[in-house]
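I have placed the structure first, in the form of structure tokens, so that the comments after it can refer back to it.
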Amino acid sequence: MNAYWQCLRGIVLREWLRFVLQRTRFLSALVRPLLWLLVFAAGFRAALGISVIEPYDTYIPYEVYIIPGLACMILLFNGMQGSLSMVYDREMGSMRVLLTSPLPRTFLLCSKLLATALISLLQVYGFLAIAWIYGVQPPAMGLLIALPALLLVALMLSALGLLLSNAIRQLENFAGVMNFVIFPLFFMSSALYPLWKMRDSSEWLYWLCAINPFTHAVELVRFALYERFAGLALAVCLGLTMLFALLAVLTFNPQHAALRKKG
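Quick note: the sequence shown uses numbering that gives the first Met the number 0, first residue 0, plus one each step.
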């Protein structure tokens, strides 16, 4: 058991040191959501007034509505960025070295997922602190209740990123693949607009947004922030986290980089 703990501690510490040394990483992670909150939300406020919908008990301004989606945006981009680090580690050989340890591959990869998720949580709560100062203030207890929801969503998106990284054999292909995944997930969800507004625009677009895993992630966080329980969103996120993690472990091949170099 001590070996497992030391391994987990080492992987988390490595990710933490990487985060600390890359000082611009924290600021860059906040730029996108803060632009939406401070700039775009101000422009959309009049056009996109939000009616009474769950979990809110009254009419809300647009800034209040998008906070959960922007928090999940940070988790999404960090999950994909974590997959970039996995591709880089595989290219440089450090991941193959780590896998030479006697510990199970499943534990090593899950430790990597957990380390990425924990770093993401720091960035999310940094963003929520700025939003609080700006005037968007969810219930204080909701910020605590949302912690497990945010952790689950971070694990789900990190597992998805790891799964995608298994299909990327060269660092040069990373940007194209990630953009193909990130933007449809984010924009075709309830992060920026309620699903009923999507339905008013297009029925088929509504259903695409409704089955989008990122929509369930956003709604899980949204309900948790306002001290409500979203059973369907929780079930979907739990199921997809286990599915993505299982597929990521089964398809992980540290020899990809070696094969490419030989080619």
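Beta carbons: idealized from backbone N, C-alpha and C, even for Gly.
Closest in C-alpha terms to Ala216, from the list Tyr55, Leu36, Cys71, Ile52, comes Cys71. When the alpha-carbon of Ile132 is set against those of Met177, Gly175, Leu33, Phe185, the nearest one is in Leu33. Comparing alpha-carbon positions, the option among Ala229, Phe126, Ala41 lying closest to Ser27 turns out to be Phe126. Put simply, the backbone Cα of Cys6 is about 30 Å away from that of Ala234. Judged by DSSP secondary structure, Glu226 falls outside any alpha helix (DSSP H); it is assigned neither H nor E.
A distance below 8 Å between beta-carbons, with the five flanking residues on each side excluded, links Phe76 to the following residues of its chain, in chain order: Ala28, Arg31, Ile181. Annotation: Ile210 to Phe186 spans about 13 Å, alpha carbon to alpha carbon. Under the three-state reduction of DSSP output, Ile10 falls in the helix class.
Under the Cβ criterion (8 Å, minimum of three pairs), the region 100 to 111 does not count as touching the region 182 to 201. Taking 8 Å as the upper bound for CB-CB distance, Leu162 and Leu246 are in contact here, some 5 Å apart. Met155 places its beta carbon 7 Å or farther from that of Cys208. Between Leu69 and Trp35, the C-beta spacing is below 7 Å. One Cα belongs to Ile59, the other to Gln136, and the distance between them is close to 12 Å. Judged by beta-carbon spacing, Leu112 lies within the 7 Å limit of Ala158, meaning their Cβ atoms are closer than that value. Scanning Gly175, Arg198, Arg221, Gly230 for the CA closest to the CA of Ala190 turns up Arg221. In this structure, DSSP gives Ile59 an extended state, which the three-state scheme calls strand. Annotated three-state conformation of Glu53 is coil, per DSSP.
The shortest C-alpha to C-alpha distance from Arg17 to any of Asp199, Gly160, Ile118, Tyr225 is the one to Ile118.
In the displayed model, Phe251 falls within coil according to three-state DSSP, outside both helix and strand. Counted as a single uninterrupted DSSP element, the stretch harbouring Ile210 is not any alpha helix (DSSP H), since DSSP gives it neither H nor E.
Per DSSP, the continuous alpha helix (DSSP H) segment holding Gln122 begins and ends at 104 to 133. When DSSP states are grouped into helix, strand and coil, Ala166 belongs to the coil group. Going by DSSP, Ser201 is part of no alpha helix (DSSP H) at all; its letter is neither H nor E. Secondary structure of Ser189 (DSSP, three-state): coil.
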